[in-house]
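Heads up, the sequence shown is in the UniProt record's numbering, so the first residue is 1 and it goes up one at a time. Below is one structure, written out as structure tokens, with a few remarks after it.
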Amino acid sequence: MFSTLSGAIRRLSLALGVIAGAGTALLMLTVVPDLFSRSFLGEAVYGMAETGIFLLVLIVYLALGSAQVRKEHFHVGVLDTLIGRDAQRWVWVLRFGISALVCGVFTWYASKGAIDSTLSLEQSYAVIEYPIWPAKIVVALGLLLLTVQFLMDLVDALTTPQYLPDGGHEGAPDHAGEAP
């Protein structure tokens, strides 16, 4: 059951990472016309700056879970070289536990803000009215998936005797959907 759920969440995180990557292309498609319009016509394209901000939020927060699935978040590995493999496993358990706890607090706070913002249909009133609540939902969703990913990694580290974060350990659970 855990393996099936874990695989589905990992595939979802990777798919959202692809969407975040596509958001980068969309960001270029919003910035370039706006720059040309400002440079040659002396007039901004209304809504492009706000759309760019939303796309930046989408790019960053939807990619968080994907980066954790691929173990692309950085960590300082000095301690890892000084301790044995069994101790490394417990260091990873501690890392994942603290990360899940901190990210869980951020998720709670972001979710509360997203709910309040959505209920009030929060808008930005700059040059044009632009909805803020969708960006807040994206932030909460991205943090939620990252928290769940940390919890799944914690379970992996707890249940795998020779745990390594890259999955290169004996007896590693099958991570369906994980990119090579």
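Built from N, CA and C at the ideal position, the CB exists for glycine as well. This structure is a prediction, so every number in the text was calculated from the model and none was measured.
Can you grab the Cα-Cα spacing for the pair ARG70 / VAL31, in whole Å? Distance between the alpha carbons of ARG70 and VAL31: 29 Å.
What are the residues that DSSP puts in a beta bridge with TYR125? Partner(s): GLU129.
Would you give the residue range spanned by the alpha helix (DSSP H) that GLY84 belongs to? No alpha helix (DSSP H) holds GLY84; DSSP gives it neither H nor E.
Quick check on the burial criterion: 16 or more other C-beta atoms within 10 angstroms. Buried or exposed for TYR125? exposed
In its own chain, which residues sit with a C-beta less than 7 Å from the C-beta of LEU146, not counting the 5 before and 5 after it? Result list for LEU146: LEU64, GLY65, GLN68, CYS103, in chain order.
Buried versus exposed, by CB contacts within 10 Å (16 or more), LEU35: exposed
Just verifying my parser: in three-state terms, what is the DSSP assignment at SER120? In the three-state DSSP reduction, SER120 falls in the coil class, being neither helix nor strand.
Which class does GLU170 belong to by DSSP, given the choice of helix, strand or coil? Caution is warranted here: a pLDDT of 47 is assigned to GLU170, below 50, making its placement in the model unreliable, and the coordinate value is therefore given only provisionally. Residue state, collapsed to three classes: coil.
Taking VAL76 as part of the alpha helix (DSSP H), name the residues at either end of that continuous run. That residue, VAL76, is in no alpha helix (DSSP H); it is neither H nor E in DSSP.
Taking only three categories from DSSP, how would you classify LEU14? helix
VAL105 to SER99 span [Cα, whole Å]: 10 Å
Could you check the C-alpha separation between TRP133 and GLU122 for me, to the nearest Å? 6 Å
If you follow the alpha helix (DSSP H) that SER66 is part of, which residue opens it and which one closes it? 48-69
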